[in-house]
Amino acid sequence: MAFARLRSIARYLARSRRFHAAATPLAWRAGRAECPACGPSLFFSIGRHPFLTRCLSCRATVTGLSLVAAIRRIHGEAIARLCAYELSSYGAAFDFLRVHAAGLSFSEYFPGEAPGALVDGIRNEDVQDLTFPAERFDLVTSNQVFEHVPDDLRAFSECCRVLRPGGSLLFAVPLYDYAATRRLASRNADGTIAWHGEPEFHDSRLGGPDSAPTFWRHSRHDIAARVSGAGFTRVEILDIVVTPLQGEPSPVVHAVK
Ligand SMILES: [Zn+2]
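All residue numbers for the sequence shown refer to the working numbering, where the first residue is 136 and numbers rise by one.
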């Protein structure tokens with residue numbers, strides 16, 4: 136990855152107060168580590184956070200790679216027999232499962248398009264109301280999606296419905312050290328968004344910078360209870376460390392049906 140590209144990422148991230156340290160090249164670090172997706176590699180960090188740390192071989196962030204590490208840890212040799220569903224059409228888990236799983240379904244959410252229809256070759260799915268039959272998959276994965284879903288509990292419940300008994304949901308969302316999950320926004324009946332405080336948007340690959348409204352800030356302390364309430368029998372948080380450069384562990388929620 137060229138220096139100019141890293142600098143433009145750093146400048147972009149510096150607009151977010153949370154990542155302002157990324158603007159300082161003095162905070163940038165490089166080091167070797169085992170990439171869960173592509174093996175021994177060089178990592179580059181523009182700040183001590185999983186989201187700011189990337190494998191220079193596959194270019195995935197440590198946040199995305201933590202899902203791959205979790206899939207390997209949970210499923211091991213069984214990955215080659217998995218029928219998997221990833222809630223997006225890109226990313227480290229998508230790339231990994233496309234190569235290693237027995238089958239991979241994937242989707243994006245295109246508002247206004249028919250549920251289950253193909254849009255530019257990508258299946259349209261609203262995770263709050265999936266068109267897949269019950270007990271279709273062994274594994275459902277997702278990176279940075281559920282904080283953007285108006286009814287996250289219904290989404291967890293839908294993921295549970297399409298999993299076979301014993302199947303697992305593995306997902307990453309930003310987890311905060313709050314006593315309880317906070318709702319930032321609600322969806323009005325007419326489709327508009329009612330913000331309960333300062334609006335918060337995140338980037339999306341398809342929609343562009345600051346295009347995805349954020350409905351939730353999930354708490355590390357109640358996320359397991361929220362997910363298990365949707366019908367899962369066991370929920371745990373896996374704290375994944377890929378490289379010391381990431382500064383803090385990258386949490387992945389693991390729920391078993
Ligand atoms: Zn890699």
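Ideal Cβ positions, reconstructed from N, Cα and C, are used throughout, including at glycine.
Considering only DSSP beta bridges, list what residue i is partnered with.
| i | result |
| --- | --- |
| Asn278 | Ala307 |
| Cys170 | Gly174 |
| Leu393 | What is shown of the chain runs 136 to 392, which leaves residue 393 out entirely. |
| Ala329 | Ser321 |
| Thr188 | Ser180 |
| Val391 | Ser303, Arg369 |
| Ser385 | Ile375 |
| Arg164 | Ser180 |
Are there any heavy atoms of ligand 1 lying less than 7 Å away from the beta-carbon of residue i, as far as the coordinates show?
| i | result |
| --- | --- |
| Ala204 | no |
| Ser201 | no |
| Ser180 | no |
| Cys295 | no |
| Cys193 | yes |
| Ala237 | no |
| Ala168 | no |
| Ser176 | yes |
| Ala172 | yes |
| Cys190 | yes |
Excluding the 5 residues flanking residue i on each side, which residues of the same chain have their C-beta closer than 7 Å to its C-beta?
| i | result |
| --- | --- |
| Arg296 | Ala269 |
| Asp273 | Leu217, Cys218, Ala219, Arg299, Gly302 |
| Glu333 | none |
| Ala329 | Ala320, Ser321, Asn323 |
Which same chain residues, not among the five before or five after residue i, have their C-beta less than 6 Å away from its C-beta?
| i | result |
| --- | --- |
| Asp374 | Pro384, Pro386 |
| Phe183 | In the sequence as presented, Phe is not what sits at residue 183; that position holds Arg. Gly382. |
| Gly199 | Gly226, Ala227, Asn278 |
| Arg317 | Arg352 |
Can you list, in chain order, the residues of its chain whose CB lies under 8 Å from that of residue i, leaving out five sequence neighbours each side?
| i | result |
| --- | --- |
| Thr368 | Val391, Lys392 |
| Tyr225 | Arg340 |
| Ala236 | Ile214, Ala215, Leu217, Cys218, Ala219, Leu274 |
| Ser223 | Phe229, Phe241, Ser242, Glu243, Ser277, Asn278, Val280, Arg340 |
With hydrogens ignored, establish whether the beta-carbon of residue i is closer than 7 Å to any heavy atom of ligand 3.
| i | result |
| --- | --- |
| Ser242 | With respect to small molecules bound, the structure shown includes ligand 1 and not ligand 3. |
Can you find at least 3 beta carbon pairs, one from the segment 203-216 and one from the segment 243-262, that sit closer than 8 Å? no
Which runs of the alpha helix (DSSP H) spanning at least 4 residues fall entirely within the segment 191-257, listed in chain order? 197-210, 227-235
Assess contact between the segment 304-313 and the segment 346-357, defined as three or more Cβ pairs (one per stretch) separated by less than 8 Å. Is contact present? yes
Alpha helix (DSSP H) segments (min. 4 residues) lying fully within the segment 332-379: 358-363
Using 8 Å as the cut-off, can you tell me whether the segment 270-289 makes contact with the segment 245-252, which would need three or more C-beta pairs spanning the two stretches below that distance? no
Below 8 Å, can you find three or more Cβ-Cβ pairs linking the segment 169-182 to the segment 195-203? yes
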